[in-house]
Structure formats: C-alpha cells, structure tokens
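Structure first, commentary second.
Number of protein chains: 2
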Amino acid sequence: MKKGTISYEFGVNVHRIRTEVMDLTQEKLAELSGLSSVYIGEIERGMRNVSLEIAEKIADGLSIDLCELIKYDRPNQEDDE
Amino acid sequence: MKKGTISYEFGVNVHRIRTEVMDLTQEKLAELSGLSSVYIGEIERGMRNVSLEIAEKIADGLSIDLCELIKYDRPNQEDDE
C-alpha cells in the first residue's frame, strides 16, 4: 500500500496508538482483537487493505473509536495529477 | 452480512445518504466513486465486507467524511452472548 493511502495510514495509526498510547505488544493486541500477531504486523507495515470488519476488531482491541484510526492528512487531490 | 455489523450498517448509511441527502442514483454514485453500480447495490444491501479503500472511494463519491458512513448503533456486547 502506498504512503498517503487510507490502508497505509491506518497501519501507521494502529502502530502509533498501540505503542505510544496503549503500550501493548503486537501479541497482546492480536489477543484483544482476535487476530494473529503476524497479521497485525503486516497491517502496521501497510501491507494489508483491511476490511471494515477487521478494522473495527482492531479498534475494539485498542479500545478506541474506529474513526480515530482512519483519520490522516490526505494528499491534496492535485498532488495526484 | 448480519444486521448490526459494520458492513451491513455501512450499506444502510450509504443508501440513506445517497437517496435522502445527495439525491443521487446508484449509477451516478458509481460514476463519482469509480465503482460499478452493481457493486454499489450489493454494498447497500449489506452483501459486501468492503475494504477501507473502497469505503473511502464511496465517501468521496458522496462528498462526505468516511467517519459519517461507519457510525452506527452497535448492539450491546451482552446482546451477543
């Protein structure tokens, strides 16, 4: 996934909140969200275009509103042209 | 997708906003979001577990913040037991 895409930035947000806010290991977040720690790692590295259902499971695991995880500074539309 | 799941409720929100707020046809939303109208119809009927990238395209097509489309009244966790 490219930097500045929602999937990539979702991963960045998950990593930031997991480490800086919740101080959880990937294993603990995996347990809390019912996913594998390998999958959590891939998501955090922007390798996965997650579904809404998976994104919600991770938000629940982090005890945070999903909206917080999908917010990011979107590249200006003109930048893409 | 089951009622009360994020994918189902996302579809309900898309349908409501497309018809009641934006007054768009499925064909027009398909054009605005770069998706097929068949796919839009399936999403609105809760048949698709959409990815964040697709969800964002639809939000852009509706000129709305994706957070607005993923909000819904979540069934109480106890209700599930």
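Just so you know, the sequences run in chain order A and B. Counting with the working numbering, you get residues 94 to 174 for the letters of the first sequence. Counting with the working numbering, you get residues 94 to 174 for the letters of the second sequence. All residues carry an ideal CB built from backbone N, CA and C; glycine is no exception.
Task: CA-to-CA distance, Asp116(B) to Leu155(B), given in whole angstroms - done: For the purposes of this step, residue 155(B) is taken as the residue at position 62 of the second sequence. For the purposes of this step, residue 116(B) is taken as the residue at position 23 of the second sequence. Asp116(B) has its alpha-carbon roughly 10 Å from the corresponding atom of Leu155(B).
Open item on the list: Measuring CB atoms only, is the stretch 102 to 112 of chain B touching the stretch 149 to 165 of chain A, in the sense that at least three cross pairs come out at less than 8 Å?
Closed with: In short, these stretches do not touch, since the Cβ pair count stays below three.
- [ ] Go ahead and label Met140(A) buried or exposed: buried means 16 or more other beta carbons lie within 10 angstroms of its beta carbon, across all protein chains shown.
- [x] On the first sequence, residue 140(A) is found 47 positions in, with the first residue counted as 1. Answer is exposed; the Cβ neighbour count stays below 16.
Open item on the list: Taking 8 Å as the threshold (C-beta atoms), are Ser130(B) and Glu146(B) in contact?
Closed with: Position 53 of the second sequence, counted from the start, is the residue given in the question as residue 146(B). Position 37 of the second sequence, counted from the start, is the residue given in the question as residue 130(B). No.
Open item on the list: Give me the subset of the stretch 119 to 144 of chain A whose CB atoms are less than 8 Å from a CB atom of chain B, sorted by chain position.
Closed with: If the cut-off is 8 Å between Cβ atoms, the stretch 119 to 144 of chain A has Asn142, Val143 and Ser144 near chain B.
- [ ] Consider the Cβ of Leu159(A): report whether some Cβ of chain B lies at a distance smaller than 8 Å.
- [x] Within the first sequence, the letter at position 66 stands for residue 159(A). Judged by the 8 Å Cβ criterion, Leu159(A) is in contact with chain B.
Task: Residue range of the alpha helix (DSSP H) that includes Asp153(B) - done: Position 60 of the second sequence, counted from the start, is the residue given in the question as residue 153(B). Per DSSP, Asp153(B) belongs to the alpha helix (DSSP H) from Leu145 to Gly154.
Open item on the list: Using C-beta distances below 8 Å, list every residue in its chain close to Arg167(B), excluding the 5 sequence neighbours before and after it, in chain order.
Closed with: Within the second sequence, the letter at position 74 stands for residue 167(B). These residues qualify, in order along the chain: Gly97.
TODO: Leaving aside the five residues before and after Val143(B) along the sequence, list all residues of the same chain whose C-beta is less than 7 Å from its C-beta, in chain order.
DONE: Counted from its first residue, the second sequence places residue 143(B) at position 50. Around Val143(B): Ser100, Phe103 and Ile136.
- [ ] Could you name the residues of chain A that Ser100(B) contacts, counting a contact when the two beta carbons are closer than 8 Å?
- [x] Along the second sequence, one-based indexing puts residue 100(B) at 7. Per Cβ cutoff of 8 Å: Ser144, Leu145 and Glu146.
Open item on the list: Classify Ile110(B): buried if its beta carbon has 16 or more other beta carbons within 10 angstroms, exposed otherwise.
Closed with: Counting from 1 along the second sequence, the entry for residue 110(B) is found at position 17. Answer is buried; the Cβ neighbour count reaches 16.
- [ ] Would you please verify whether the beta carbon of Ile110(A) is less than 8 Å from any beta carbon of chain B?
- [x] As a first step, residue 110(A) must be located in the first sequence, where it is residue number 17. So, not an interface residue.
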